[in-house]
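J.:
2 protein chains.
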Amino acid sequence: MALIVQKFGGTSLSDPERILNVAERISAEKMKGNDCVVVVSAMGKTTDQLISLAKDVSNQVNKREMDMLLSTGEQVTIALLSMALSQNGWEAASFTGWQAGIITEPVHGNARILNIHTEKIREQLNKGKIVIVAGFQGVTEDGEITTLGRGGSDTTAVALSTALKASKCDIYTDVTGVYTTDPRHVKEAQKLAAISYDEMLELAHLGAGVLHPRAVEFAKNHNVTLEVRSSIEKERGTIIKEEVTMEQNLVVRGVAFEDEITRVTVFGLPNCLTSLSTIFSTLAKNNIDVDIIIQSMTSKEITDISFSIKNDTLKETLNVLEKNKDLLKYDHIESETGLAKVSIVGSGMVSNPGVAAEMFTVLSNNGIEIRMVSTSEIKISTVVNQQQMLPAVNALHKAFKLSAIPIRS
Amino acid sequence: MALIVQKFGGTSLSDPERILNVAERISAEKMKGNDCVVVVSAMGKTTDQLISLAKDVSNQVNKREMDMLLSTGEQVTIALLSMALSQNGWEAASFTGWQAGIITEPVHGNARILNIHTEKIREQLNKGKIVIVAGFQGVTEDGEITTLGRGGSDTTAVALSTALKASKCDIYTDVTGVYTTDPRHVKEAQKLAAISYDEMLELAHLGAGVLHPRAVEFAKNHNVTLEVRSSIEKERGTIIKEEVTMEQNLVVRGVAFEDEITRVTVFGLPNCLTSLSTIFSTLAKNNIDVDIIIQSMTSKEITDISFSIKNDTLKETLNVLEKNKDLLKYDHIESETGLAKVSIVGSGMVSNPGVAAEMFTVLSNNGIEIRMVSTSEIKISTVVNQQQMLPAVNALHKAFKLSAIPIRS
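Which chain is which? The protein sequence lines are Y and U, in order. First residue of the first sequence? That's 1 in UniProt numbering, and the numbers climb one at a time after it. First residue of the second sequence? That's 1 in UniProt numbering, and the numbers climb one at a time after it.
#1: Identify the residues that DSSP records as bridge partners of H332(U): which are they?
#2: Check the DSSP bridge columns for M372(U) and list the partner residues they point to.
#3: Applying the criterion that 16 or more other CB atoms from any shown protein chain within 10 Å of the CB defines a buried residue, is E235(Y) buried or exposed?
#4: Would you kindly work out how many angstroms separate the C-alpha atoms of M221(U) and T155(U), rounded to a whole number?
#5: Out of A392(U), T146(U), R122(U) and K30(U), which one is the CA nearest neighbour of G89(U)?
#6: How long is the line joining the alpha carbons of V5(Y) and L13(U), rounded to whole angstroms?
#7: Does the stretch 81 to 100 of chain U touch the stretch 114 to 129 of chain Y, meaning 3 or more C-beta pairs lie closer than 8 Å?
#8: Mind listing the chain U neighbours of T72(Y)? Cutoff is C-beta to C-beta under 7 Å, in chain order.
#9: Does the distance from the CB of G39(Y) to the CB of S196(Y) come in under 9 Å?
#10: Spatial neighbours of Q248(Y) within its chain, please: C-beta separation below 6 Å, excluding the five flanking residues on both sides.
#11: Quick one: Cα of P16(U) to Cα of G338(U), how far?
#12: Would you verify that the beta carbon of K120(U) is, or is not, closer than 9 Å to some beta carbon of chain Y?
#13: Grouping DSSP H, G and I as helix and E and B as strand, with all else coil, what is R229(U)?
#14: Secondary structure at T262(Y), three-state DSSP: helix, strand or coil?
#15: Leaving aside the five residues before and after I302(U) along the sequence, list all residues of the same chain whose C-beta is less than 7 Å from its C-beta, in chain order.
#16: Output, in sequence order along the chain, the residues in the stretch 132 to 146 of chain U whose CB is closer than 7 Å to any CB in chain Y.
#17: Starting from Q87(Y), find everything on chain U with Cβ-Cβ shorter than 8 Å and list it in chain order.
#18: Just mark M43(Y) as buried or exposed, buried being the case when its beta carbon has 16 or more other beta carbons within 10 Å.
#19: Between W90(Y) and chain U, is there a C-beta pair that is closer than 9 Å?
#20: Leaving out the 5 sequence neighbours to the left and right, which residues in its chain are closer than 6 Å to V255(U) when beta-carbon positions are compared?
#21: Against I19(Y), what residues of chain U qualify as contacts under a CB-to-CB distance less than 7 Å, listed in chain order?
#22: DSSP three-state label for G88(U), please.
#23: Which parts of the stretch 24 to 108 of chain U are runs of the alpha helix (DSSP H), unbroken and 4 residues or longer, counting only runs that do not cross its ends?
#24: Does R25(U) have its Cβ less than 9 Å from a Cβ in chain Y?
#25: Can you list, in chain order, the residues of its chain with a C-beta nearer than 8 Å to that of residue 413(U)? Leave out the 5 residues immediately preceding and following it.
#26: With a threshold of 9 Å between beta-carbons, can A93(U) be considered close to chain Y, or not?
#27: Quick one: what does DSSP say T303(U) is sitting in, helix, strand or coil?
#28: What's the gap between the Cα of T274(U) and the Cα of E316(U)?
#29: Within 10 angstroms of the Cβ of E74(U), are there 16 or more other Cβ atoms? Answer buried if so, exposed if not.
#30: Pull up the DSSP beta-bridge partners for A194(Y), would you.
#31: If we cut at 9 Å on Cβ distances, does I4(Y) have a partner in chain U?
#32: Report yes or no: is there a C-beta of chain U within less than 9 Å of the C-beta of L50(Y)?
#33: For V107(Y), which residues of its own chain have a beta-carbon under 7 Å away from its beta-carbon, when the five flanking residues on both sides are left out?
#34: Mapping the DSSP letters down to three states, classify T317(Y) as helix, strand or coil.
#35: What's the C-alpha gap between H332(Y) and S381(Y)?
#36: Near E377(U), which residues of its chain fall below 6 Å by C-beta distance, leaving aside the five closest residues on each side in sequence?
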């Protein structure tokens, strides 16, 4: 008898009918003789509705009270799902984050899990019950309710898999798996049978949106095998694990993309050891999320730094830089919006020189100008004009033969 | 500096605008220099909506999961009200039942409060914060979420008043006080300046609906002075305390009524010492709420027992009686629905013989047939046909001169 952790997202639980469908998926796993621990998100748009209520009573953000408010969303789902399972003849017990012993650091809105006291869950599993746990939430040692940030239910599922030494962690979602690129925009997109943690991390960070990056990191660190699969379709999904056999010796596993990117360039910084750390520490302190960073030296004394941000943080970024001009000692700033990021990801790149060159050639042949480049061992990102994003993705998807992967299902 | 407990019901908190209004009422109390502990119910129809969701996923009742589900309602309100108070410039901290240390017996759906650990609330009050507590809910020693039953937020408020030795407990609601009868149905209904715990108890049990009976009992036992008042209007409400001076030597303080009553008669029970206790213990064990009980002996060996229940518990009542036929040894059962209860309440009855006779005469003169009668020292209840309920109430209100009380406001 194996212990399986199953996570269902909000879209899979948006109404009573879908909750009953999820109960059936759980029943099927239980019928195989497995122990089941189920992690759920808030129903459909509940979280957004609660945030909107909060905005109606206050224009300030009170993070403690926001956690108090939002954590009710998953609590509603666990109770309803537990009832739906009883209806199907199974014994189930639901637990909020604090009841499940999910201890987090004392931070509101974006807490990290420190520890899970699994006694209560074990006790119910030993009685043969299905255990339903509210995702996204935990409690501090002092009894304060915390949340793990958007997508945190994935993290709850992986953390529970680790703490309970589960055989498997199934992430049920509204897509059937991880694709070579976004199938909503590229019709040749293919579902991958498997992908490594690192590749998934690069894809997640780049906006694939299927799995929360922190959850993938957690899974990698604790070697938890994940499967991303559909809560509606019965087909196999995509396995995420450490070592993935290359399919047809593919060098590239996927093409990711993200629009609404802005480039900011800071000119004339003093070329000293602390320049880079000062500028990005200042931005981080103001919660500005910077993605690609490029430095180019223009002389021995001064340097220019470019970085990319999301369009909607431009105003604040410029404010912060302006306020700290005396500290940072730069000359002037330029910014350019209307950009997009297109990246190729694959562990195979490490041992294949020339992948970057091939990518640049494909883009150039398609008349696409590259504005910024950033590379890691398993990823190459380019920033291009937003209008050229989808043509770039399609060209790369085809050039790296991603449309032709034989898929098992 | 006094400590005031304020309780606001769901109607007073049904939307963001009303929540902001409640925040202003609390601000006003705080401005006087008082410490405030606020107890709230779920917003508007939230509880009903949650119950309806539960019915959509299951036709069984799982009381543990129902408590898990319903307790989210108050948790949403405490967070929003706390945010609204921050918006008004006050520091506030919200607490769920378990965070507020409200320990209940291990019963779901209708738990009694055993104890309140007030340390956390005291700590926040000492910091000058307004404390907002989720009404209606508590936690067992084992960490299971419980609820106190409908209207339980009143109980939370009174229990907190006792535990914190509050100077006063204000129950804010959608009516301006306690009336001689329901003003929605009887236009001559008058607001009472004051009423005793016992009178209020009789009125509450009889469906006046302003205050939960358990809360009044709790207040009586711990001598907590309550004031029932409007959350919108600024006028004085009705004080509820031990001794109330009679206004104009009125014998009757109010006329209460309740529809959807069913009479059940159990025929041919063995006339032995244990018959009554066995039958009502069996019903109580199955959580069936019995109101009026009447026994009439038909012979030395056997007896008949009639009792009244709410219409919607008839099916379960008959099931329970049927299942336990061997234990109870009765002959057969009859039931009659479509009834209503009409009662007069007043401490003055104790020293005024003939009040019952007067009541029966008034009803008889108005052509109203009495189906059951039950009396206590301060109350006479009659069961009549449901169609005759309001005519009976109007006739009694007039006959006992309740329309003419001079009211201070």
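Ideal Cβ placement from N, Cα and C applies to all residues, glycine included.
T.: Well, looking at it:
#1: DSSP lists F267(U) as partners of H332(U).
#2: Note: M372(U) sits in a beta bridge opposite V383(U).
#3: Taking all protein chains in view, the Cβ of E235(Y) is surrounded by fewer than 16 other Cβ atoms within 10 Å, so the residue is classified as exposed.
#4: Just to set this straight, residue 221(U) is Asn in the shown sequence, not Met. Distance between the alpha carbons of N221(U) and T155(U): 12 Å.
#5: If you compare the alpha carbons of A392(U), T146(U), R122(U) and K30(U) with that of G89(U), the shortest gap goes to K30(U).
#6: Rounded to whole angstroms, the gap between the alpha carbons of V5(Y) and L13(U) is 39 Å.
#7: No, the stretch 114 to 129 of chain Y does not touch the stretch 81 to 100 of chain U.
#8: Here the neighbours are T72, Q75 and V76.
#9: Per the sequence shown, the amino acid found at residue 39(Y) is Val instead of Gly. The Cβ-Cβ distance between V39(Y) and S196(Y) does not fall below 9 Å.
#10: With a pLDDT of 49 at Q248(Y), under the threshold of 50, the modelled position of this residue cannot be trusted; read the value that follows with caution. No residues qualify anywhere along the chain.
#11: Whole-angstrom Cα-Cα distance: 40 Å.
#12: Answer yes: the Cβ-Cβ gap between K120(U) and chain Y drops below 9 Å somewhere.
#13: Strand at R229(U).
#14: Three-state result, T262(Y): strand.
#15: In chain order, G268, L269, P270 and N271 place their CB closer than 7 Å to the CB of I302(U), counting only its own chain and leaving out the 5 sequence neighbours on each side.
#16: Here the close residues are G143.
#17: Counting only Cβ-Cβ distances below 8 Å, Q87(Y) has contacts in chain U at V57, S58, N59 and Q60, in chain order.
#18: It counts as buried.
#19: W90(Y) does not count as touching chain U.
#20: Around V255(U): T181, I344, V393, L396 and H397.
#21: V57, listed in chain order.
#22: The sequence given here places Asn at residue 88(U); Gly does not occur at that position. Reduced to three states, the DSSP call for N88(U) is coil.
#23: The stretch 24 to 108 of chain U contains these whole alpha helix (DSSP H) runs: 46 to 57 and 63 to 87.
#24: Using a Cβ-Cβ cut-off of 9 Å, R25(U) does not count as an interface residue toward chain Y, since no Cβ of chain Y sits closer than that to its own.
#25: Outside the modelled stretch of chain U, which goes from 1 to 409, sits residue 413(U), for which no answer is possible.
#26: So, interface residue.
#27: Strand.
#28: The C-alpha of E316(U) is placed about 23 Å away from the C-alpha of T274(U).
#29: With 16 or more other Cβ atoms inside 10 Å of its own Cβ, E74(U) counts as buried.
#30: Under DSSP, the beta-bridge partners assigned to A194(Y) are I239(Y).
#31: I4(Y) is outside the set of residues whose beta carbon lies under 9 Å from a beta carbon in chain U.
#32: Cβ-Cβ to chain U under 9 Å: yes for L50(Y).
#33: Taken in chain order, the residues that qualify are T146.
#34: Reduced to three states, the DSSP call for T317(Y) is helix.
#35: Going by the C-alpha atoms only, they are around 26 Å apart.
#36: Hits under 6 Å: V350.
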